[in-house]
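Structure record follows, encoded as structure tokens.
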Amino acid sequence: MKKIALAVLLALVLAPAASLAQVVIRIGPPAPIVEHPGPPPERGFVWISGYHQYQGDHYVWVPGHYERPPHPGAHWVAHRWVHRHGEWVLVEGHWR
Numbered sequence: 002m003k004k005i006a007l008a009v010l011l012a013l014v015l016a017p018a019a020s021l022a023q024v025v026i027r028i029g030p031p032a033p034i035v036e037h038p039g040p041p042p043e044r045g046f047v048w049i050s051g052y053h054q055y056q057g058d059h060y061v062w063v064p065g066h067y068e069r070p071p072h073p074g075a076h077w078v079a080h081r082w083v084h085r086h087g088e089w090v091l092v093e094g095h096w097r
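Numbering (my numbering), first residue to last: 2 to 97.
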């Protein structure tokens, strides 16, 4: 029982650190793909634009989608690649 409690405690402590992890690449991403979203599925949905994600040794396009904001007044800050000190860092999209 002590081992399980310790494992749960460790997971809770390390979870925030994992969410702050960043992807760093030396090769810049390709140009974004132009998406043409149709109408939202319901009133109040927001378009979350697609972005290039680095997987293994290449970029893969993650298509955009509609999503309902988590609370009234929330707005989406899109994923973006930032060039820092000769490396590319993916800044994850999030609700603000």
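C-beta: ideal position from N, C-alpha, C; glycine also.
Bear in mind the structure is a predicted one, so any value in this text is a computation, not a measurement.
For residue i and residue j, which I take to be in contact (beta-carbon distance under 8 Å), what is that distance rounded to the nearest angstrom?
i     : j     : result
Gln23 : Val78 : Rounded, the Cβ-Cβ distance is 15 Å, inconsistent with contact.
Tyr67 : Pro42 : 6 Å
His80 : Glu93 : 6 Å
His76 : Arg97 : 6 Å
Along the beta strand (DSSP E) that carries residue i, what are the first and last residues, could you check?
i     : result
Gln54 : Tyr52 to Gln56
Val47 : Val47 to Ile49
Val61 : His59 to Val63
Looking only at DSSP bridge pairs, what is residue i linked to?
i     : result
Arg85 : Glu88
Val25 : Val90
Glu68 : Val47
Val78 : His95
Closest to residue i by CA distance: which of the options is it?
i     : options                       : result
His95 : Gly39, Val35 and Ile49        : Ile49
Arg44 : Ala32, Ile28, Pro70 and His80 : Pro70
Pro64 : Pro40, Val83, Glu36 and Arg97 : Glu36
Ala32 : Arg97, Trp82 and His86        : Trp82
Answer yes or no: do residue i and residue j have a C-beta to C-beta separation smaller than 8 Å?
i     : j     : result
Gly74 : Trp62 : no
Pro38 : His53 : no
Tyr55 : Ile34 : no
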